[in-house]
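Engineer: Before anything else, here's the structure in question.
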Amino acid sequence: MTERDESGEGLPARPDPDHRRPPGLDDVTVDALGRLSKALETIHRVRGHLYAFHQLTGTADFELDNAVRLLRQAGHDKWADRIERELIGRNVLQGRWTFQIVEEYDDGYYAVFQELERQARDELAGGRRHLFEAELKQQRRTPGQPGHEATP
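Residue numbers (the working numbering): 99 to 250.
The structure is reproduced here in structure tokens:
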């Protein structure tokens, strides 16, 4: 089945085969895989926030060098010494700098999450990604309308 654009060219009216539901795949499974995918997308965002935490903490730690320098320049050696001793280079969690937290997260929870999502998708949907969203796109687009094409 094809649509016609304004030039009369035929366009596919359905998603590409990689985004079509395999035969026999039920609605509940598509919904479940869609929710698993959405959860994984949320975890990708979490990981981004974790990297922001990592980078911002490092930036703050290096900015302390300037604060210490200026405190010394102003004659406040006691405060400069205390910040150097108690804060610069301090672990953010017991025994860990932020890079170690990122590595532990990546190698543990994040890796398991990604692998389970991939395995479930492979086994239940033949590895096809975003089936729920592809079907949602079909429901919400206006066939024949520019900017509403089924495929690129």
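Quick reminder that beta carbons are idealized off the backbone N, C-alpha and C, glycines included.
Just so you know, these numbers come straight off a predicted model, no measurement behind them.
Grab the span of the alpha helix (DSSP H) containing V166 for me, first residue to last.
Structural biologist: As a position in the sequence shown, residue 166 is number 68, starting the count at 1. Residues D125 to Q171.
Engineer: Three or more C-beta pairs closer than 8 Å, one from the segment 185 to 202 and one from the segment 121 to 129: is that the case here?
Structural biologist: In short, these stretches do not touch, since the Cβ pair count stays below three.
Engineer: How would you call H246, buried or exposed, if buried means at least 16 neighbouring beta carbons within 10 angstroms?
Structural biologist: The residue given as residue 246 occupies position 148 in the sequence shown. Exposed, by the Cβ-count rule.
Engineer: Taking the straight line between their C-alpha atoms, what separation do you get for R143 and A172?
Structural biologist: Numbered from 1 along the sequence shown, position 45 holds the residue referred to as residue 143. Numbered from 1 along the sequence shown, position 74 holds the residue referred to as residue 172. Looking at the two C-alpha atoms, the distance is approximately 43 Å.
Engineer: Helix, strand or coil for R227? Go by DSSP, reduced to three states.
Structural biologist: The residue labelled residue 227 in the question sits at position 129 within the sequence shown. The answer is coil: DSSP assigns R227 none of H, G, I, E or B.
Engineer: Where do the ends of the alpha helix (DSSP H) carrying E184 lie?
Structural biologist: Against the sequence shown, residue 184 aligns to sequence position 86. D175 to E184 is the extent of the alpha helix (DSSP H) around E184.
Engineer: Quick one: grab the DSSP three-state call for R219.
Structural biologist: For the purposes of this step, residue 219 is taken as the residue at position 121 of the sequence shown. Correct three-state label for R219: helix.
Engineer: I'd like to confirm the pairing. Which residues does DSSP put opposite L191 in its beta bridges?
Structural biologist: Looking up residue 191 in the sequence shown gives position 93. The partner list for L191 (beta bridge, DSSP) reads R194.
Engineer: Taking the alpha carbon of L134 as the reference point, which residue from Q236, L229 and I186 has its own alpha carbon closest?
Structural biologist: Your numbering for residue 134 matches position 36 in the sequence shown. It is L229.
Engineer: Whole angstroms is fine: what's the gap from D163's alpha carbon to N189's?
Structural biologist: The count along the sequence shown starts at 1 and reaches residue 163 at position 65. The count along the sequence shown starts at 1 and reaches residue 189 at position 91. About 16 Å.
Engineer: Can you tell me whether L131 is buried or exposed? The criterion is at least 16 other CB atoms within 10 Å of its CB, across all chains shown.
Structural biologist: Numbered from 1 along the sequence shown, position 33 holds the residue referred to as residue 131. Classification for L131: buried.
Engineer: From the DSSP output, in three-state form, read off P115 for me.
Structural biologist: Translated into the one-based positions of the sequence shown, residue 115 becomes position 17. In this structure, P115 counts as helix in the three-state DSSP scheme.
Engineer: Suppose you measure from the CA of G206 to the CA of R180; what does that come to, to the nearest Å?
Structural biologist: Within the sequence shown, residue 206 is the residue found at index 108, counting from 1. Within the sequence shown, residue 180 is the residue found at index 82, counting from 1. If you take the alpha carbons of G206 and R180, they lie about 36 Å apart.
Engineer: I need the straight-line Cα distance from L222 to F160, nearest angstrom please.
Structural biologist: Start at 1 with the first residue of the sequence shown, and residue 222 comes out as number 124. Start at 1 with the first residue of the sequence shown, and residue 160 comes out as number 62. Going by the C-alpha atoms only, they are around 49 Å apart.
Engineer: Let me know the secondary structure DSSP gives A248 once reduced to three states.
Structural biologist: By 1-based counting over the sequence shown, the position of residue 248 is 150. Coil.
Engineer: Once you ignore the five residues that flank M99 on each side, which residues in its own chain have a CB closer than 6 Å to its CB?
Structural biologist: Here residue 99 corresponds to residue number 1 of the sequence shown, with the count starting at 1. At M99, the pLDDT of 46 sits below 50, so the modelled position is not reliable and the matter cannot be decided from this model.
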